[in-house]
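For reference, the structure is listed below as structure tokens.
Number of protein chains: 2
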Amino acid sequence: MSRDKNPDDLGHDALLPHNTRRSLPIALLRAREAVMAHFRPMLARHDITEQQWRVIRILAEAGRVDASEMADKAFILAPSLTRIIRSLEERGLISKHKDADDGRRVLLEIAPEGMRVIADVSPESRAIYEQLETRYGRERVEVLLDMLDELATLND
Amino acid sequence: MSRDKNPDDLGHDALLPHNTRRSLPIALLRAREAVMAHFRPMLARHDITEQQWRVIRILAEAGRVDASEMADKAFILAPSLTRIIRSLEERGLISKHKDADDGRRVLLEIAPEGMRVIADVSPESRAIYEQLETRYGRERVEVLLDMLDELATLND
DNA sequence: CTTATATATTTAACATGTTAACAAAATTGC
DNA sequence: GCAATTTTGTTAACATGTTAAATATATAAG
Numbered sequence: 001m002s003r004d005k006n007p008d009d010l011g012h013d014a015l016l017p018h019n020t021r022r023s024l025p026i027a028l029l030r031a032r033e034a035v036m037a038h039f040r041p042m043l044a045r046h047d048i049t050e051q052q053w054r055v056i057r058i059l060a061e062a063g064r065v066d067a068s069e070m071a072d073k074a075f076i077l078a079p080s081l082t083r084i085i086r087s088l089e090e091r092g093l094i095s096k097h098k099d100a101d102d103g104r105r106v107l108l109e110i111a112p113e114g115m116r117v118i119a120d121v122s123p124e125s126r127a128i129y130e131q132l133e134t135r136y137g138r139e140r141v142e143v144l145l146d147m148l149d150e151l152a153t154l155n156d
Numbered sequence: 001m002s003r004d005k006n007p008d009d010l011g012h013d014a015l016l017p018h019n020t021r022r023s024l025p026i027a028l029l030r031a032r033e034a035v036m037a038h039f040r041p042m043l044a045r046h047d048i049t050e051q052q053w054r055v056i057r058i059l060a061e062a063g064r065v066d067a068s069e070m071a072d073k074a075f076i077l078a079p080s081l082t083r084i085i086r087s088l089e090e091r092g093l094i095s096k097h098k099d100a101d102d103g104r105r106v107l108l109e110i111a112p113e114g115m116r117v118i119a120d121v122s123p124e125s126r127a128i129y130e131q132l133e134t135r136y137g138r139e140r141v142e143v144l145l146d147m148l149d150e151l152a153t154l155n156d
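Taken in order, these protein sequences are the chains called S and P.
Going by my numbering, the final residue of the first sequence carries number 156, and the count climbs one at a time with no gaps.
Going by my numbering, the final residue of the second sequence carries number 156, and the count climbs one at a time with no gaps.
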């Protein structure tokens with residue numbers, strides 16, 4: 001019985017916040033969740049989280065990377081990254097070395113076991129993404145990515 | 001020195017995953033984070049989290065709401081909602097009652113103290129949102145919301 | 001060379017996300 | 001009515017998000 005689709009129900013009190021159903025933060029959350037719902041079960045079968053997948057995937061793409069660069073590329077905050085690195089290292093998916101030139105920096109590298117995960121997960125991941133692209137429309141995905149990027153860089 | 005903008009750098013290994021920089025999940029995450037960066041400091045000044053704000057805001061909009069409906073509207077998973085409700089009730093921002101007709105259901109209602117938060121935060125929230133809308137373009141926000149909604153409902 | 005400042009990472013503390021298991025109440029089938 | 005099933009909400013356990021503070025190393029100022 002919550003048929004609050006009637007526009008007259010809103011705007012009767014200027015103190016009330018923006019209509020929840022047309023709010024960018026929640027819309028972005030919903031969309032992201034819907035997308036991840038396609039990937040999560042597959043990742044779970046391979047016993048890795050979304051964030052762990054992002055990290056090893058970036059290492060497979062970019063080779064040796066320090067923690068700051070990783071935080072940047074994977075969009076993970078430093079404290080989370082510290083924990084994720086510890087976990088991935090304990091599981092033998094990545095290796096960790098101190099930078100010889102700068103003792104503060106931590107260099108990350110994918111391990112053979114990590115490459116095995118890449119080889120297992122990558123094809124499935126691509127297939128899911130391509131199916132998504134097809135269903136939503138390749139062109140529209142590109143448009144959406146551009147619009148999202150512009151939103152993300154509004155501050156710069 | 002990470003100038004991997006050259007398209008030739010990609011595609012040399014079909015095993016590698018989709019290019020990270022054009023991936024929907026991360027793009028959605030970045031965009032959402034950029035948007036929330038505008039709101040979070042303000043919410044922090046009022047000593048509430050983003051999720052707590054969503055909950056009391058929905059109660060202010062919709063009146064009495066049960067937990068399932070709240071989880072749905074605020075897009076918060078049940079276990080998280082349980083904790084958020086406990087916290088908000090302890091702080092006196094909301095009240096909680098058992099449904100007389102259905103003993104399983106928990107009915108939520110905003111408390112006077114919660115209404116005070118609404119009154120304090122709402123104008124600031126609106127101002128931030130409107131500034132964002134203006135900078136990004138009102139029309140484009142609408143288009144983006146439509147595209148995000150379609151992405152979120154692809155599965156239905 | 002030494003002190004002050006800046007940068008990179010970690011730790012701490014708390015809130016939320018995520019899945020699975022559980023408890024309690026309601027509904028369905030017989 | 002009553003057992004089986006479904007629905008609602010909570011708890012548990014672990015991973016991540018978020019902010020602030022701490023630590024260690026590097027760089028700049030003097």
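The C-beta atom is built at its ideal place from N, Cα and C for all residues, glycine as well.
For clarity, every value in this text was computed on a predicted model and none was experimentally measured.
Rounded to a whole number of angstroms, what is the C-alpha to C-alpha distance between residue i and residue j?
i, j, result
"leucine 154/S", "glutamate 130/P", "14 Å"
"glutamate 133/P", "valine 141/P", "7 Å"
"methionine 42/P", "arginine 64/S", "38 Å"
"alanine 152/P", "valine 143/S", "16 Å"
"asparagine 19/S", "arginine 83/P", "25 Å"
"isoleucine 85/S", "alanine 127/S", "27 Å"
"glutamate 109/S", "glutamate 50/P", "35 Å"
"aspartate 149/S", "aspartate 102/P", "46 Å"
"alanine 62/P", "isoleucine 56/S", "44 Å"
"glutamate 69/S", "leucine 81/S", "11 Å"
Against chain P, does residue i count as a neighbour if the rule is that its beta carbon must be under 9 Å from one of theirs?
i, result
"methionine 42/S", "no"
"serine 80/S", "no"
"glutamate 61/S", "yes"
"glutamate 50/S", "yes"
"isoleucine 26/S", "yes"
"isoleucine 110/S", "no"
"lysine 73/S", "yes"
"arginine 91/S", "no"
"methionine 147/S", "yes"
"leucine 107/S", "no"
Whose CA, out of the options, lies closest to the CA of residue i?
i, options, result
"lysine 73/P", "Ala62/S, Asp66/S, Ser87/S, Ser23/S", "Ser23/S"
"arginine 45/S", "Gly103/S, Arg104/S, Val121/S", "Val121/S"
"glutamate 113/S", "Glu90/S, Ser125/S, Arg135/S", "Glu90/S"
"aspartate 156/S", "Asp156/P, Arg135/P, Glu139/P", "Arg135/P"
Does any residue of chain S have a CB that is nearer than 9 Å to the CB of residue i?
i, result
"aspartate 8/P", "The predicted model places aspartate 8/P with a pLDDT of 43, which falls under 50 and marks its position as unreliable; any figure quoted below should be read in that light. Chain S contact via Cβ: absent."
"valine 35/P", "yes"
"glutamate 150/P", "yes"
"arginine 104/P", "no"
"threonine 153/P", "yes"
"arginine 45/P", "no"
Suppose contacts are defined by Cβ-Cβ distances below 9 Å. Is residue i in contact with residue j by that definition?
i, j, result
"alanine 111/S", "glycine 137/S", "no"
"glutamine 52/S", "leucine 88/S", "yes"
"glutamate 29/S", "phenylalanine 75/P", "Checking the displayed sequence, the identity of residue 29/S turns out to be leucine instead of glutamate. Yes, they are a contact pair."
"alanine 67/P", "valine 106/P", "yes"
"isoleucine 58/S", "valine 117/S", "no"
"alanine 100/S", "leucine 145/P", "no"
Cβ of residue i within 8 Å of any heavy atom in the ligand FMN?
i, result
"isoleucine 118/P", "Looking at this structure, you won't find the ligand FMN or any other ligand, since it has none at all."
* Asked: How about the segment 26-43 of chain P and the segment 89-99 of chain P: do they share at least three Cβ pairs that are nearer than 8 Å?
  -> no
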